[in-house]
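Reading the sequence shown from the start, the letters are residues 2 to 273 in our numbering.
Glycine is no exception: its CB is placed at the ideal position from the N, C-alpha and C atoms.
Remember, predicted model here, so these are calculated numbers, not experimental data.
To keep things clear, I will list the structure first and then write my remarks on it.
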Amino acid sequence: MMVNNKNYKKITTNSLLELKNKGVKISMLTAYDFTLAKIIDNAGIDIILVGDSASNVMAGYETTLPITLDEMIYHASSVVRAVDRALVVVDMPFGTYQGNSKKALDSAIRIMKETGGHTVKLEGGSEIIDSVKRILSAGIPVMGHLGLTPQSIYKFGTYTVRAKEEEEAIKLIEDAKLLEEAGCYAIVLEKIPSKLAKKVAETLNIPVIGIGAGANVDGQVLVLHDMLGMNHEFNPRFLRRYLNLYDEITKGVKQYISDVKKVDFPNKDEQY
Ligand code: KIV
């Protein structure tokens, strides 16, 4: 793959299915802005999720509930302007699709028209299936999201592992089948036992992408800022940090402050 001279294949929902069928794992990360989206697209990521985790990561809210459709559209259109190869998935924010399929379709159409994103993602199973079907009927591809669905945090009460009990596990499998039958092209499973995730990935024909769902699924997703180590506070067991950017950025900024104070910056070569 030669990403920079455009000698590459764009990722589509069909190519994800091909990857699953070939047994090649799918890579997915979040991005919310042009600069980081460009870096991860050029690095060869398969899917970029403009997650509603922007509510936490970009805006500093405690939950994903406050972020608005207009704010998601701003983030998603910034990402789309950067991306040449990856499939761009945009989260539908809380309150834009639950309990009203007409509103869901209107919201999804706004996302597609105003951002240039390729697909949307919705949280939930049977409760939101009418919205899923109506969005799909307009030709908009839908990614599902089951397990720990952060928009329902006040129903769950905590961010602990979901579907450990049989009743919830059975509902999750039924919801996954329902989403596949409705026409979703993939689903995300968040923070569930790896044995259950394996069963779902084996049962479904569509790709199953996990976050805290073990290795026996068709791909993995992480929040970019978490895997780059841009914070110290969030330490779930499933998170692997590939860099420690919090410390690196702190070091660079401290050096800059010191250089400015000492009038070491700018030097002779750094001025006109
Ligand atoms: O919003 C998000 O970042 C997500 C991922 C955790 C899958 O939905």
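Three-way DSSP call (helix, strand, coil) for residue i in this model
{"i": "E63", "result": "coil"}
{"i": "I154", "result": "helix"}
{"i": "I129", "result": "helix"}
{"i": "S102", "result": "helix"}
{"i": "K122", "result": "strand"}
{"i": "L240", "result": "coil"}
{"i": "S54", "result": "coil"}
{"i": "T161", "result": "coil"}
Cβ-heavy atom distance, residue i to ligand 1, below 7 Å
{"i": "T31", "result": "yes"}
{"i": "V121", "result": "no"}
{"i": "L50", "result": "yes"}
{"i": "V1", "result": "This structure cannot speak to residue 1, because the chain is shown only from 2 to 273."}
{"i": "H226", "result": "no"}
{"i": "H76", "result": "no"}
{"i": "V222", "result": "yes"}
Residue i - partner residues in DSSP beta bridges
{"i": "H146", "result": "V189"}
{"i": "D92", "result": "K122"}
{"i": "S28", "result": "Q221"}
Pick from the options that is closest to residue i, judged by C-alpha positions
{"i": "T116", "options": "E128, Y33 and M231", "result": "Y33"}
{"i": "L149", "options": "L137, T251 and G211", "result": "G211"}
{"i": "Y186", "options": "Y273, F95 and M144", "result": "M144"}
{"i": "G52", "options": "A44, F95 and I40", "result": "F95"}
Chain-order list of residues whose beta-carbon lies under 8 Å from that of residue i (same chain, five-residue window excluded)
{"i": "L179", "result": "G126, S127 and I130"}
{"i": "Y62", "result": "S56 and I68"}
{"i": "S259", "result": "D265"}
7 Å Cβ shell around residue i - same chain, five flanking residues per side excluded
{"i": "V81", "result": "V89, T116, G117 and G118"}
{"i": "R86", "result": "V4, Y9, K11, I12 and D42"}
Other residues of its chain near residue i: CB distance less than 6 Å, five sequence neighbours each side excluded
{"i": "K134", "result": "A183"}
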